[in-house]
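Enquirer:
Protein chains in written order, with the working numbering: chain A, 57 to 387; chain B, 35 to 451.
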């Protein structure tokens, strides 16, 4: 009996802890990636296909700021401060960009079928990804290889592994990611519940016509929300840059887009609470499946496959997602 | 349209061969045209991807349900042909006739489409688009990790070496055509492929030589044409009318008494069928497949681009749309005939090195022209969505007040009098 346990290398004993910490960090990342998409769809009913491209641009931009600002002598605390400066800068730039896109491109087609908004943002993906490729080439980087210089700008204790509860992993980094995710959830929650625009969003997603009839300029709310959503997408990109599991590449745009879709749709389009819950669920499933794949099943694509299977299953069982409402968005 | 497509390879050969020198530049006209005209090998891709785009338009353009995972059916057709061609499909010999493989692959895709559709059509709008994308992603992840496909499934698979090219045509037909001496070796079996295909010399004694690419072009063209006519037949049938009714107002179609679910499902299945034929032709011509050019989201994007530019809800539109796509891609390609190469070769060194500091014209060409088709196509796509929502063919039809084939002769007639 004891021999059998030893043969499995004692991993299963600590597996729940290992899976747990990874699940928490993944969940936080997924919520951050998906929150902007969730906000935009919640109010406007526009499924922003360019969300992932904005994340990718945010990743490169934020990473570049960090690399430019951090030298080998920079202390850990200064690196922390610079990280938040980079986040703020990227958020500002992409919010402005998103608002511009809404004004110039999306506003003219609100009165058409929702199909056209999907098509338009899909066109944006092609343009933004190719533009990113051009910039990356100009900067002397290979668009296909992962750019991971920004990982080196993280404070030293993020790169280190610690042994806690018998699990030897990057505890500090994972805890930091969970913390940022928590901050973001609280921030968005406050934005939705304590600010004027949050009120508009909640009212607008209930009944846009009535909201407008009450004298609220819902068009301006659309612009602001699209901007904030784009800013959040960019922010998510910056957060990924300290995690060695990720790195900036142009195809990162599709990877993060699909993750955001899975999370937002499982949670129910238009419900931020749903997005948070679904992010946690997806993070847990991903961590569990990744562990299974390494230790039990031999199929490299397993985590991804299961995530999409979960997506399809949820849509079949509950077409509106876990917390979705029947009709969402509108103009 | 058909006449144009039939004549294209010969016209192309003639034009590119022109040695008339442009006044003032010293560049032969043929060389200049070679930069802008799509090559015949490119036109082959226009045909099979055009068929795929038409099948996408068949369901999305006519019923209004955006199928974001359509690449799955294209991929099924393509992988089926390659796997069967390598003898990896149980029950099918590696030397099964190509047309039979196409048909079986298409039926397989039809069945899968029915299964996917049965689930997906419980949803509408954005949810439908997402669930189809979800299914396609499951298929993509699966195929790129399934080691039965090849030793490195992430890179795809190819037909086992030693197998001869796939042949359009069916063995065993009466050989009343094969009797023409010295014309075509065996018209019942025309092998496809740029390198493995058949070539014919001095066709019908006219002194015309057909390279393998040209022969493949015609052989694939025949299959595509048959599929196009079949889809058109469906659209102009009562079944097709119901599809349009669903697009325009589904509640009303239902109220009139049609069980729209079955119509949508039927349209989706047929669409999957023809998408798989397109994928099979692609695999038969290229003899290798990869997840990135079959099951990928960006393959669906190609169909989407073609449909929007050519005309959403016009069956022939996507073919023109994809022709535009491939032409742009050809002009901006990095291969030997693109604009970038042309400029680099023909412009004098003094012009190329001009520019602001380090950023010379040469660098500009390398960065912004060489292989950048996606950027400009994306811009064109957005402009079309914003300003020409009906696409080229749809707008043209609206202007003419009917289909081009109907109205053009009328118009011409008016000018003749």
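A virtual CB, placed ideally from N, CA and C, is assigned to each residue, including glycine.
Roughly how many angstroms lie between the CA atoms of residue 218 of chain B and residue 114 of chain B, to the nearest whole one?
Expert: Low confidence applies to residue 218 of chain B: its pLDDT is 47, below 50, so where it sits in the model is not reliable enough to give any reading.
Enquirer: Taking beta-carbon pairs under 7 Å, can you tell me which members of the stretch 142 to 176 of chain B lie near chain A?
Expert: For the stretch 142 to 176 of chain B, which is checked against every Cβ of chain A, the residues closer than 7 Å are 153, 156, 157, 159, 160, 161, 163, 164, 165, 168, 169, 171, 172, 175 and 176.
Enquirer: Which of the residues in the stretch 404 to 429 of chain B, read from start to end, lie with their CB under 8 Å from any CB of chain A?
Expert: Those residues of the stretch 404 to 429 of chain B that come within reach of chain A (Cβ to Cβ, closer than 8 Å) are 406, 408, 409, 411, 412, 413, 415, 416, 419, 420 and 423.
Enquirer: Chain B partners of residue 361 of chain A, CB-CB under 8 Å?
Expert: Correct list: 172, 175, 176 and 179.
Enquirer: Return helix, strand or coil for residue 217 of chain B, following the three-state DSSP convention.
Expert: Any reading at residue 217 of chain B must be qualified, since the residue scores a pLDDT of 43, below 50, and its modelled position is unreliable; the value itself is stated next. Coil at residue 217 of chain B, not helix or strand.
Enquirer: Buried or exposed: residue 28 of chain A, going by 16 or more other Cβ atoms within 10 Å of its Cβ?
Expert: In the structure displayed, chain A extends from 57 to 387; residue 28 of chain A sits before or after that span and is not available.
Enquirer: Leaving out the 5 sequence neighbours to the left and right, which residues in its chain are closer than 8 Å to residue 274 of chain B when beta-carbon positions are compared?
Expert: Once the five neighbours on either side are set aside, the close Cβ partners of residue 274 of chain B are 96 and 268.
Enquirer: Quick one: grab the DSSP three-state call for residue 305 of chain B.
Expert: If DSSP states are grouped into helix, strand and coil, residue 305 of chain B belongs with the helices.
Enquirer: Evaluate contact between the stretch 430 to 450 of chain B and the stretch 205 to 216 of chain A, counting only Cβ atoms and requiring at least three cross-stretch pairs below 8 Å.
Expert: Touching, no, given that fewer than three Cβ pairs across the two stretches are closer than 8 Å.
Enquirer: Pull up the CB-CB distance for residue 112 of chain B and residue 328 of chain B, whole angstroms please, since I reckon it's below 8 Å.
Expert: Residue 112 of chain B to residue 328 of chain B, Cβ: 5 Å. Contact.
Enquirer: Would you verify that the beta carbon of residue 375 of chain A is, or is not, closer than 8 Å to some beta carbon of chain E?
Expert: Among the chains of the structure shown, chain E does not appear; the protein chains present are A and B.
Enquirer: Taking Cβ-Cβ distances below 7 Å as the criterion, which residues of the stretch 213 to 236 of chain A are in contact with chain B?
Expert: Flagged: no residues at all.
Enquirer: Helix or strand or just coil, what does DSSP make of residue 120 of chain B?
Expert: In the structure shown, residue 120 of chain B sits in coil (DSSP, three-state: anything other than H, G, I, E or B).
Enquirer: Is any beta-carbon of chain A found at less than 8 Å from that of residue 343 of chain B?
Expert: Closer than 8 Å: no.
Enquirer: Is residue 337 of chain B close to chain A? Criterion is C-beta to C-beta, closer than 8 Å.
Expert: Output row for residue 337 of chain B: interface = no.
Enquirer: Using a cut-off of 7 Å between C-beta atoms, extract the partners of residue 321 of chain A located in chain B.
Expert: Residues of chain B passing the Cβ test: 164.
Enquirer: I need the boundaries of the beta strand (DSSP E) containing residue 245 of chain B, first residue and last residue.
Expert: No beta strand (DSSP E) contains residue 245 of chain B, which DSSP labels as neither H nor E.
Enquirer: Are the beta-carbon atoms of residue 204 of chain A and residue 303 of chain A separated by less than 8 Å?
Expert: Yes, these two residues count as a Cβ contact at 8 Å.
Enquirer: Please classify residue 192 of chain B: does DSSP put it in a helix, a strand, or coil?
Expert: Residue 192 of chain B falls in the strand class under three-state DSSP.
Enquirer: What are the boundary residues of the beta strand (DSSP E) that includes residue 218 of chain A?
Expert: 218 to 220 is the span of the beta strand (DSSP E), which, as asked, contains residue 218 of chain A.
Enquirer: In chain order, what residues of the same chain have a beta carbon less than 6 Å from the beta carbon of residue 280 of chain B, not counting five sequence neighbours either side?
Expert: Around residue 280 of chain B: 97, 287 and 294.
Enquirer: With 8 Å as the threshold, decide whether the Cβ of residue 100 of chain B is near any Cβ in chain A.
Expert: So, interface residue.
Enquirer: Alpha helix (DSSP H) containing residue 109 of chain A: first to last residue?
Expert: Where residue 109 of chain A is concerned, the enclosing alpha helix (DSSP H) stretches over 107 to 125.
Enquirer: Give me, in chain order, the residues of the same chain whose beta-carbon lies closer than 6 Å to that of residue 136 of chain B; leave out the 5 immediate sequence neighbours on both sides.
Expert: Contacts found: 311 and 314.
Enquirer: Would you say residue 349 of chain B reaches chain A, if we count a Cβ-Cβ gap shorter than 8 Å as a contact?
Expert: Not closer than 8 Å to any Cβ of chain A, the Cβ of residue 349 of chain B fails to qualify, so no.
Enquirer: Hey, how far is the Cα of residue 48 of chain B from the Cα of residue 440 of chain B?
Expert: Distance between the alpha carbons of residue 48 of chain B and residue 440 of chain B: 30 Å.
Enquirer: Taking only runs that begin and end inside the stretch 143 to 197 of chain B, name each unbroken beta strand (DSSP E) of 3 or more residues, in chain order.
Expert: Segments of the beta strand (DSSP E) lying fully in the stretch 143 to 197 of chain B: there are none.
Enquirer: Residue 370 of chain A and residue 322 of chain A look like a contact to me (Cβ under 8 Å); what is the Cβ gap, rounded to whole Å?
Expert: So it is a contact: roughly 5 Å between Cβ atoms.
Enquirer: Compare the beta carbon distance of residue 351 of chain B and residue 426 of chain B with 8 Å and say whether it is the shorter of the two.
Expert: In this structure, residue 426 of chain B lies closer than 8 Å to residue 351 of chain B by Cβ.
Enquirer: Using the rule of at least 16 other Cβ atoms within 10 Å of the residue's Cβ for burial, across every protein chain shown, is residue 186 of chain A buried or exposed?
Expert: Residue 186 of chain A should be labelled buried.
Enquirer: Nearest to residue 10 of chain B by CA position, among B:138, B:100 and B:108, is which residue?
Expert: Because chain B spans 35 through 451 in this model, residue 10 of chain B falls outside it and cannot be assessed.
Enquirer: How about residue 80 of chain B and residue 270 of chain B: are their beta carbons less than 8 Å apart?
Expert: No; because the gap between Cβ atoms is not below 8 Å, this pair is not in contact.
Enquirer: Just checking residue 84 of chain A against the ligand ATP - is the residue's beta carbon closer than 7 Å to any of the ligand's heavy atoms?
Expert: What this structure holds is no ligand at all, so the ligand ATP is not there to describe.
Enquirer: Which residues, in order along the stretch 100 to 124 of chain B, keep a beta-carbon less than 7 Å from a beta-carbon of chain A?
Expert: Under the 7 Å Cβ criterion, the stretch 100 to 124 of chain B contributes 100.
Enquirer: By DSSP, does residue 128 of chain A sit in helix, in strand, or in coil?
Expert: Correct three-state label for residue 128 of chain A: coil.
Enquirer: Using DSSP bridges, identify the partner residues of residue 225 of chain B.
Expert: Residue 225 of chain B pairs with B:201.
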